[in-house]
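Residue 16 is where the sequence shown starts when you use our numbering, and the numbers rise one by one after that. A virtual CB, placed ideally from N, CA and C, is assigned to each residue, including glycine.
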Amino acid sequence: ALRGCVEARDMATLAYFGHFTALLHLETLVELRQMKQRLQRPTEDLERFGWMVQNLTCRMADVRSVGKAKGGGLPGREPGTKRARVVFALDKGTDVSRLRLRSGDSVLLSRTDPMTDLAG
């Protein structure tokens, strides 16, 4: 879909861009496959191994406007002007060091049961 949309000073730059764009797409496909496989595990296992936290309470949610990127942004990425941020309160007994979730990670949110929501 990028054919004809990318311009560069020379063929080496185009080859470099094409190579790493393909690698990024492959990495995304691998991550999606891993998430799909992970979501097929029982919720007890997901929680035990730090991939899931249930019954969270929202402490704060906001949407911020962000400035446009210089140079028009990245090809294939929507030039969004807003970013959402949600902060959750963890129970006092939660061992944060065992969680595999880090700041900036994409997560699935559900008001009910995410395993049911995904199927329905």
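Check                                                                                                                               : Outcome
What separation, rounded to the nearest whole angstrom, lies between the Cα atoms of S118 and S112?                                 : 13 Å
Please confirm whether T58 and M130 have their CB atoms less than 8 Å apart.                                                        : yes
With H, G and I counted as helix, E and B as strand and the rest as coil, what does DSSP make of K51?                               : helix
Looking at V81: is its Cβ nearer than 8 Å to the Cβ of K97?                                                                         : yes
Is it buried or exposed for G135, if we count other Cβ within 10 angstroms and need 16 for buried?                                  : Confidence at G135 is low in this model, with a pLDDT of 46, below 50, so its placement is unreliable and the value that follows should be read with caution. So G135 counts as exposed.
Below 8 Å on the Cβ atoms is my guess for A104 versus R74; work out the distance and round it to an integer in Å.                   : 5 Å
Less than 8 Å between the CB atoms is what I'm expecting for A99 and V68, so what's the real figure, rounded?                       : Between V68 and A99 the Cβ distance is about 18 Å, and since that is not below 8 Å, they are no contact.
Mind pulling the beta strand (DSSP E) runs of 3 or more residues that sit fully within the stretch 35 to 80?                        : 72 to 80
Using three-state DSSP, classify V122 as helix, strand or coil.                                                                     : coil
State buried or exposed for L29, treating a residue as buried only when at least 16 other CB atoms are found within 10 Å of its CB. : exposed
Note the first and the last residue of the continuous beta strand (DSSP E) segment covering R98.                                    : 97 to 104
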